[in-house]
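Chemist: Those protein sequence lines, which keep their order, are chains A and B. For what it's worth, our numbering labels the leading residue of the first sequence as 5, then goes sequentially. For what it's worth, our numbering labels the leading residue of the second sequence as 111, then goes sequentially. Backbone N, C-alpha and C fix where the C-beta goes; we use that ideal spot for every residue, glycine too. As the structure is a prediction and not an experimental result, all values here were calculated from the model.
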Amino acid sequence: MAERDDDETPPSEEELAASKRLRDALEDPSIEDPSADLARSLRAAFSPDAIDESAHAQIVDDVPSKDELVLAEALRDNLDDDPLVTALRAAWNPTPIGDRDHKAILARVLVTGTSAPQRGRVIRVTFGIVGGALAIAASVFVWVNAPGSHETGAPLAHARSTQPLFPDYDGFKSGSGDASARIDKIALSRAGDYRDNRFAKWGVR
Amino acid sequence: MLRRVERASAARASEEAIRAQRAETDAIDKELVAKAQAGDRTALGELLHKYGPGLYRSVLLPRLGSEAAAKDALSETYAKVVANIGKFVWQNVGFYPWLRTVALRVALDQLRAKKRLVLFEEEDLQREVDAADTTTPVEQQVSDQRDREAARRKVDDALGKINPRYAKAIRLRVLEERPRDEVAKEMEVTPATFDVLLHRAIAAMKKVLGEGSNG
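1) Taking the alpha carbon of Leu184 (chain B) as the point to measure from, which residue in A:Ala59, A:Ile109 and A:Leu88 has its own alpha carbon closest?
2) Taking Cβ positions, are Tyr276 (chain B) and Ala314 (chain B) nearer each other than 8 Å?
3) What residue range does the alpha helix (DSSP H) around Trp208 (chain B) cover?
4) Just how far apart, CA to CA, sit Gly152 (chain A) and Arg186 (chain A)?
5) When you compare only the Cα positions, how much space is there between Thr135 (chain B) and Lys317 (chain B)?
6) Does Ser119 (chain A) get closer than 8 Å to chain B when you measure Cβ to Cβ?
7) Compute the beta-carbon to beta-carbon distance between Ala217 (chain B) and Leu235 (chain B), rounded to the nearest angstrom, for a pair I have assumed lies under 8 Å.
8) Could you pull the start and end residues of the alpha helix (DSSP H) that Arg290 (chain B) belongs to?
9) Using a C-beta cutoff of 8 Å, does Met297 (chain B) count as contacting chain A?
10) Which residues, in order along the region 188 to 207 of chain B, keep a beta-carbon less than 9 Å from a beta-carbon of chain A?
11) Within a Cβ cutoff of 7 Å, which residues of the same chain sit near Gly320 (chain B), ignoring the five residues on either side of it in sequence?
12) Give the residues of chain A in contact with Leu229 (chain B), contact being defined as C-beta atoms less than 9 Å apart.
13) Is there at least one Cβ from chain B nearer than 8 Å to Pro14 (chain A)'s Cβ?
14) Can we say the region 65 to 81 of chain A touches the region 248 to 259 of chain B, given the rule of at least three CB pairs closer than 8 Å?
15) Should the region 41 to 60 of chain A be regarded as contacting the region 276 to 292 of chain B, the criterion being three or more beta carbon pairs within less than 8 Å?
16) For a quick check, are the C-beta atoms of Ile312 (chain B) and Asp84 (chain A) less than 8 Å apart?
17) Alpha carbon to alpha carbon, how far is Val115 (chain B) from Ser124 (chain B)?
18) What is the DSSP secondary structure of Thr152 (chain B), counted as helix, strand or coil?
19) Nearest chain B C-beta to Asp85 (chain A) closer than 8 Å, yes or no?
20) Between the C-alpha atoms of Arg262 (chain B) and Asp305 (chain B), what's the straight-line distance to the nearest angstrom?
21) Would you kindly work out how many angstroms separate the C-alpha atoms of Ala183 (chain A) and Ile190 (chain A), rounded to a whole number?
22) Ile109 (chain A) touches chain B at which residues, Cβ-Cβ below 7 Å?
23) Got a sec: is the Cβ-Cβ distance from Ser124 (chain B) to anything in chain A below 8 Å?
24) Would you verify that the beta carbon of Ala76 (chain A) is, or is not, closer than 8 Å to some beta carbon of chain B?
25) DSSP state of Lys189 (chain A), grouped into three classes?
26) Taking Asp105 (chain A) as the query, report the chain E residues whose CB atoms sit under 7 Å from its CB, ordered along the chain.
27) The alpha helix (DSSP H) spanning Lys197 (chain B) covers which residue range?
28) With distances taken between CB atoms, is the gap from Thr118 (chain A) to Ala189 (chain B) smaller than 8 Å?
29) For a contact meaning CB atoms closer than 8 Å, what does Ser176 (chain B) contact in chain A?
30) Does any residue of chain B bring its CB to less than 8 Å from the CB of Pro68 (chain A)?
31) Check the Cβ of Leu282 (chain B) against every Cβ in chain A and list those closer than 8 Å, keeping chain order.
32) What does the Cβ neighbour count give for Asp56 (chain A), buried or exposed, with the cut at 16 atoms within 10 Å?
33) Any C-beta of chain A sitting closer than 8 Å to the C-beta of Asp150 (chain B)?
34) Give the residues from the region 155 to 168 of chain B that approach chain A closer than 8 Å (Cβ to any Cβ), ordered along the chain.
35) Would Ala213 (chain B) pass as a contact of Leu171 (chain B) if the rule is Cβ separation under 8 Å?
Given below as structure tokens:
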């Protein structure tokens, strides 16, 4: 005897309710139903849908790049130094000015009548003063060390030609062997000048 | 009925007390202004010491976005007050509205001079300067309250222009200054993921503000 087909069996109340749940769940994925889940997994295996483009873009966007990770870490470590963070906090919950800071600003303005000097101005003024002082010091040094500024009473020997050392000069003969003697004569003369100049500077001549 | 009359009477008495106190304060300020205009720096110092800290906190710091900039502006405001106190005409609205207008102009100049990324734009301050010139001045307490509310509205507006999740990250971590781990937990991400989220949130807001100031 052949089995009767299931379709021919009259459905029970329970079956009718379950079939309604399945129908609803297949139409509306937000409704949870085990039979609908099974139906969906069968469909996904048999004929998988392509991923929605915007959903895929969202997933890709959610994965941070290496650069982003570095920047995120830097922001975490220096959150308080970020200008936008500072600005947001200043607008949302501004901190009061410290009494000492306020008094300092007030005193400076009341005494000088001008606002706080900018850092750039301070640097320029400082460089101006230091530069001016150095220029004055340098000019004094040059003046102090200028020739003739020391009155020792003894004239210094000046650079001069070596010609007077060789009154009988009539043109050097190359290879005559007199070169060493000439150099010795010049060196001796210049050493004497140097010694005299040192004594003159020390004021002992 | 009797209680209602009593309450109304108490309210009237309170208003009168406030009015009397205000009149007394105005009289003191008026005298200080007169002395300051006669060259008395101590009197001017008293006026600025009284109103300066509120001006810094409610007007300058929220609009300029950094303590250094706000202190520079406060200093510049004081210098302008020293230079122009002789031009100030007492008009029964006290000294503060004039001081606030001077400060707003200084802040506006500073915003124009330095193109930093800040919440307030030149146009915002120009509107406030115009409003200060055309609307009825109010006493400092009320003015401060309005200025603080305006600054918070500006923050809310900026947050409203970015992804709500980014806005939440900024609100919890930056504005409420809650600990990183706690905020990460509330946003149901790991602390490391939260770092990325906050970085993206700040970048998004910088973009929004940058676009605002460019366009």
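Modeler: Reading off the structure:
1) Taking only the C-alpha atoms, the option nearest Leu184 (chain B) is A:Ile109.
2) Yes, the pair counts as a contact, with Cβ atoms nearer than the cut-off.
3) First-last of the alpha helix (DSSP H) with Trp208 (chain B): Tyr206 to Ala223.
4) Annotation note: pLDDT 45 at Gly152 (chain A) (below 50); position unreliable, coordinate value reported separately. Their Cα atoms are separated by approximately 33 Å.
5) Going by the C-alpha atoms only, they are around 47 Å apart.
6) With respect to chain B, the C-beta atom of Ser119 (chain A) has a partner C-beta closer than 8 Å.
7) The beta-carbon separation of Ala217 (chain B) and Leu235 (chain B), rounded to 6 Å, stays under the 8 Å limit for a contact.
8) For Arg290 (chain B), the enclosing alpha helix (DSSP H) stretches over residues Arg290 to Glu296.
9) No, no contact with chain A.
10) Of all residues in the region 188 to 207 of chain B, those with a C-beta nearer than 9 Å to a C-beta of chain A are Tyr188, Ala189, Lys190, Val191, Val192 and Ala193, reading in chain order.
11) Same-chain partners within the cutoff: Leu227.
12) For Leu229 (chain B), the C-beta contacts it makes with chain A under 9 Å involve Leu88, Ala91, Leu92, Ala94 and Ala95, in order along the chain.
13) Pro14 (chain A) does not count as touching chain B.
14) When Cβ pairs closer than 8 Å are counted between the two stretches, the region 65 to 81 of chain A is seen not to touch the region 248 to 259 of chain B, the count staying below three.
15) No contact exists between the region 41 to 60 of chain A and the region 276 to 292 of chain B.
16) The answer is no: Cβ separation not under 8 Å.
17) Across the structure, Val115 (chain B) and Ser124 (chain B) are spaced so that their CA atoms are roughly 14 Å apart.
18) In this structure, Thr152 (chain B) counts as helix in the three-state DSSP scheme.
19) By the rule that beta-carbons nearer than 8 Å mark a contact, Asp85 (chain A) does not touch chain B.
20) Rounded to whole angstroms, Arg262 (chain B) to Asp305 (chain B) spans 25 Å at the Cα level.
21) Straight-line Cα distance between these residues: approximately 11 Å.
22) Those are Lys181, Leu184, Ser185 and Tyr188, listed as they occur along chain B.
23) It does not; no Cβ of chain A falls within 8 Å.
24) The C-beta of Ala76 (chain A) comes closer than 8 Å to at least one C-beta of chain B.
25) DSSP places Lys189 (chain A) in helix when its eight states are reduced to three.
26) Judged by its chain identifiers, the structure shown contains no chain E, and its protein chains are A and B.
27) Here Lys197 (chain B) belongs to no alpha helix (DSSP H), and DSSP marks it neither H nor E.
28) Yes, the pair counts as a contact, with Cβ atoms nearer than the cut-off.
29) Within chain A, the residues near Ser176 (chain B) are Pro87, Thr90, Ala91 and Ala94.
30) Answer yes: the Cβ-Cβ gap between Pro68 (chain A) and chain B drops below 8 Å somewhere.
31) By Cβ distance, chain A contributes nothing, its closest Cβ being about 12 Å from Leu282 (chain B), past 8 Å.
32) Label assigned to Asp56 (chain A): exposed.
33) So no, Asp150 (chain B) is outside the interface.
34) Cβ contacts with chain A come from Gly155, Leu158, His159, Gly162, Pro163, Tyr166, Arg167 and Ser168.
35) Not in contact: Ala213 (chain B) and Leu171 (chain B) (Cβ atoms no closer than 8 Å).
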